[in-house]
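S.K.: Mind having a look at this structure? Questions to follow.
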Amino acid sequence: MKANCWYGKHDLRVEEVPDPQILNTRDAIVKVTSTAICGSDLHLYNAYIPSLERGDILGHEFMGEVVEVGSDVKNLSVGDRVVVPFPIACGSCAACMSGLWSLCENSNPNAWMAEKLWGHSPAGLFGYSHMLGGYAGGQAEYARVPFADVGPLKIPDGLTDEQVLFLSDIFPTGYMGAEMCNITPGDVIAVWGAGPVGQFAIASAKMLGAERVIAIDRFPYRLRMALSKAGATDIINYEETDVYEALLEMTGGRGPDSCIDAVGMEAHAPNLMYGVDRAKQSMMLETDRPLALRQAIRACKNGGTISVIGVYGGFIDKFPMGAIVNRSLTLKSGQCHVHRYLKPLLERIVRGEIDPSFVITHRLPLSEAPRGYEMFLNKDDGCEKVVLKASNGFAVSPSMSAAS
Amino acid sequence: MQTHTQDQLVRGVSWFGIGIGLGAAVARFAATRGSRHVTLKTSVTIRKEPAEIYQFWRDFRNLPRFMSHVASVSETSTGHLRWRGKGPAGRPLTWEAEIVADRPNERIAWRSLEGALLPNHGAVLLRRAPQGRGTEVHLTVGFEPPGGALAAKVVRLFEGIPEQRLNNDLRRLKQILETGDVVRSDASIHRGLHAARPSSTKELSEVEGTVRS
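Chains W and D, in that order, give the protein sequences.
If you want my numbering, it's the position in the first sequence, counting the first as 1, plus 1291.
If you want my numbering, it's the position in the second sequence, counting the first as 1, plus 4.
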């Protein structure tokens, strides 16, 4: 099959790789029909996430048709159309049982690597480094889906790929970002970053009853999308306006009730190939750029909440802990527990409350994935979200090639 | 020299590690450096009743499913355990052991018999975690390498590796008991470095224990 493979910084190659096969009895193989490039994939593209290997298949936002199921997968059948959540979760450990699906205790076979960096390991993820599992990603014609009896969401007829694809990550991620704000009537929410996740955080904050939602970015086309599509009530271009002053002006000096960081940072980290201890050491010496986060903390009202859904990888410098303590701020974060949002958010799509396809600006064949990354990174041609159409109908089915 | 050794250490713990078994690593070390008792401890919490974990462990034939340095364990006609370890360069290391403590649902302990190349002992202790949080599994493994004094500095350097391997073993035990099988990723099924991409059928045929349907 064809797959988008990482070979180093800004070096992606769509090449022929073996078809996936069932490795556990709870696996399924999915023929990918649509997959997307995530903002967090750009951290991989820029080689800022440690423990990538040459030849790794990227991609964690994907959906498609089930073409094969392992013997213990009873809830799916060949031919089912499914969206696959980006965290891999077993459904039976303590974390999964308490709804913390992105913290599954069993799905990362390289848990020890994550422990070295973070103390404990989160769940394994598709196509997102070896320290998060070493799983092939979904920017491919086929993907193996572990714990297929737990994760994939069956899609009812009548919905297009583009309406439901983002249930795999960015819609639930944005939604969780808004949910962590515990929005009550009258709340003003400020969202840093009007990329795809920021757009869904804005849309979700509106759905959850925010009075005003303020989008902060530097790209006019993204701010326009936030206003016209996601439902932002106000925008701030931080290259033109002082964000702190503008937010205070908009809120009568109170500051936003909650602030959502949908920016994250390019977490500078050395490659784990040089060893975990060394990586850890070097990480301590490196500093990231938590500009949005610092700004969010400074602007947030007394007693407010900072909700962090942008990806951070390592350590940050000059963290304004004094503001958190002395102003009773609450900091909440997490990789999205996608599984818990799949059904409720699908229902919102079915009811017509939101059509997540509004973020899509570019559609490319899988073969042009590298160009898609470049456009997305450089914000060329008003690029907001790239969807890759994976299967072109000529691929050999995995079961056929596995028999050879 | 120090840097070189640390490089090797790092390689050993990394995912492209050289695949030397727990016992073998200590044995190799002891052979060159002399004798010192080495005790390794690790623990994991499993969302199962102590009885289920006890029964699984008490059938020692299950151990190779999650212990990376153990190729097989069988019971001999005399009721002892015959262990076959995975040594360096594919050389098997075999020894016999006896069960020295067996308290159902609580503790099992074993000790190698006279004549083992690398005298060793182990114990698994099961403790109910508070408020339905499952069972804490505490594993202790000790080695008494033969020979003279062992350079303490180097021991410290190497102790991290086997303990990590032991912890990985318990994680696999948890995976088996909580999910039914060892969890496999495209990269993790290979001993050496492998990209996160599917393996060819030929590559897969060389991987132990994968399920294909």
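Cβ atoms here follow ideal geometry from the backbone N, Cα and C, with glycine treated the same way.
Computed from a predicted structure; not experimentally measured.
Taking 8 angstroms as the limit between beta carbons, can you name the residues of its chain near D:Glu56, skipping five residues before and five after?
M.R.: For D:Glu56, where only same-chain residues beyond five positions count, the Cβ hits under 8 angstroms are Leu181.
S.K.: Counting Cβ pairs closer than 8 angstroms, one from the region 1464 to 1481 of chain W and one from the region 1493 to 1507 of chain W, do we hit at least three?
M.R.: Taking 8 angstroms as the limit for Cβ pairs, the verdict is that the region 1493 to 1507 of chain W does touch the region 1464 to 1481 of chain W.
S.K.: Judging by CA-CA distance, which residue of W:Lys1322, W:Ser1325, W:Gly1330, W:Ala1319 is the nearest neighbour of W:Ala1553?
M.R.: The option with the nearest alpha carbon to W:Ala1553 is W:Gly1330.
S.K.: Quick one: Cα of W:Pro1656 to Cα of W:Pro1400, how far?
M.R.: Each residue's alpha carbon lies about 32 angstroms from the other.
S.K.: From the DSSP output, in three-state form, read off D:Leu161 for me.
M.R.: In this predicted model, D:Leu161 has a pLDDT of only 38, less than 50, meaning its place in the structure is not dependable enough to derive any value.
S.K.: Can a CB atom of chain W be found closer than 7 angstroms to the CB of D:Gln59?
M.R.: So, not an interface residue.
S.K.: What span of residues does the alpha helix (DSSP H) with W:His1653 cover, start to end?
M.R.: No alpha helix (DSSP H) holds W:His1653; the beta strand (DSSP E) holding it covers 1653 to 1656.
S.K.: Tell me, please, whether the region 1461 to 1481 of chain W touches the region 1433 to 1442 of chain W by the rule of three or more beta-carbon pairs shorter than 8 angstroms.
M.R.: As far as the Cβ criterion goes, the region 1461 to 1481 of chain W does not touch the region 1433 to 1442 of chain W, which means the pair count is below three.
S.K.: Verify whether the separation of the beta carbon atoms of W:Asn1397 and D:Gln168 is less than 7 angstroms.
M.R.: Not closer than 7 angstroms, so no.
S.K.: Contact criterion: CB-CB distance below 7 angstroms. Does D:Val187 meet it with respect to chain W?
M.R.: Cβ-Cβ to chain W under 7 angstroms: yes for D:Val187.
S.K.: So what does DSSP say about W:Pro1413, is it helix, strand or coil?
M.R.: Looking at W:Pro1413 - three-state DSSP - the assignment turns out to be coil, as it is neither helix nor strand.
S.K.: Name, please, each residue of chain D whose Cβ falls closer than 8 angstroms to the Cβ of W:Asp1310.
M.R.: Simply Pro202.
S.K.: Does the CB of W:Asp1347 have a neighbour CB from chain D at under 7 angstroms?
M.R.: Yes - at least one Cβ of chain D is within 7 angstroms of the one on W:Asp1347.
S.K.: Give the single residue among W:Leu1633, W:Arg1639, W:Ser1624 whose Cα lies nearest to the Cα of W:Met1471.
M.R.: With distances taken between Cα atoms, W:Met1471 lies closest to W:Ser1624.
S.K.: Taking contact to mean 3 or more Cβ pairs, one atom from each stretch, closer than 8 angstroms, check whether the region 1364 to 1381 of chain W and the region 1339 to 1347 of chain W are in contact.
M.R.: At 8 angstroms Cβ cutoff, the stretches do not touch.
S.K.: Between W:Gly1424 and chain D, is there a C-beta pair that is closer than 7 angstroms?
M.R.: So yes, W:Gly1424 belongs to the interface.
S.K.: By a C-beta neighbour count over all protein chains shown, 10 Å radius and 16 as the cutoff for buried, is W:Trp1409 buried or exposed?
M.R.: Under this definition W:Trp1409 is an exposed residue.
S.K.: Whole beta strand (DSSP E) runs in the region 76 to 140 of chain D with 3 or more residues, listed along the chain?
M.R.: List check, beta strand (DSSP E) in window: 85 to 90, 96 to 107, 111 to 116, 124 to 132.
S.K.: D:Glu118: buried (16+ other C-beta within 10 angstroms of its C-beta) or exposed?
M.R.: Exposed is the call here.
S.K.: Just list the residues that DSSP pairs W:Ala1434 with in beta bridges.
M.R.: In the DSSP output, where bridge partners are listed per residue, W:Ala1434 has W:Val1321.
S.K.: Rounded to whole angstroms, what's the CA-CA distance from W:Asp1347 to W:Ile1474? Just pull it up for me.
M.R.: One C-alpha to the other measures close to 40 angstroms.
S.K.: Alpha carbon to alpha carbon, how far is W:Gly1468 from W:Ile1551?
M.R.: Those two C-alpha atoms are separated by around 7 angstroms.
S.K.: Counting contacts by CB-CB distance shorter than 7 angstroms, is D:Thr183 in contact with chain W?
M.R.: Cβ-Cβ to chain W under 7 angstroms: yes for D:Thr183.
S.K.: Do W:Val1641 and W:Glu1675 have their CB atoms nearer than 7 angstroms?
M.R.: Contact flag unset, no.
S.K.: DSSP three-state call for D:Leu170: helix, strand or coil?
M.R.: The answer is helix: DSSP assigns D:Leu170 an H, G or I state.
S.K.: Please confirm whether W:His1351 has its beta-carbon closer than 7 angstroms to some beta-carbon of chain D.
M.R.: No - not a single Cβ of chain D is within 7 angstroms of the one on W:His1351.
S.K.: Does DSSP put W:Asn1617 in a helix, in a strand, or in coil?
M.R.: If DSSP states are grouped into helix, strand and coil, W:Asn1617 belongs with the helices.
S.K.: Would you report the Cα separation of W:Ala1494 and W:Val1360, rounded to the nearest angstrom?
M.R.: Approximately 36 angstroms between the Cα atoms of the pair.
S.K.: May I have the straight-line CA-CA distance separating W:Asn1593 from W:Cys1395, to the nearest angstrom?
M.R.: For W:Asn1593 and W:Cys1395, the distance between alpha carbons rounds to 34 angstroms.
S.K.: So what's W:Val1360 in DSSP terms, helix, strand or just coil?
M.R.: Residue state, collapsed to three classes: strand.
S.K.: With DSSP collapsed to three states, give me the class of W:Thr1524.
M.R.: Coil.
S.K.: Expressed to the nearest angstrom, what Euclidean distance is found between the alpha-carbon atoms of W:Ser1412 and W:Cys1387?
M.R.: Those two C-alpha atoms are separated by around 14 angstroms.
S.K.: According to DSSP, simplified to helix, strand and coil, what is W:Phe1703?
M.R.: Lying outside 1292 to 1695, the shown extent of chain W, residue 1703 of chain W is not represented and no answer is given.
S.K.: Would you report the Cα separation of W:Leu1444 and W:Ala1681, rounded to the nearest angstrom?
M.R.: Their backbone Cα atoms lie some 19 angstroms apart in a straight line.
S.K.: Counting only beta-carbon atoms, is D:Glu53 nearer than 7 angstroms to chain W?
M.R.: No, its Cβ sits nowhere closer than 7 angstroms to a Cβ of chain W.
S.K.: Are there 16 or more other CB atoms within 10 angstroms of the CB of W:Gly1477, so buried, or fewer, so exposed?
M.R.: Counting Cβ neighbours within 10 Å, W:Gly1477 comes out exposed, since fewer than 16 surround it.
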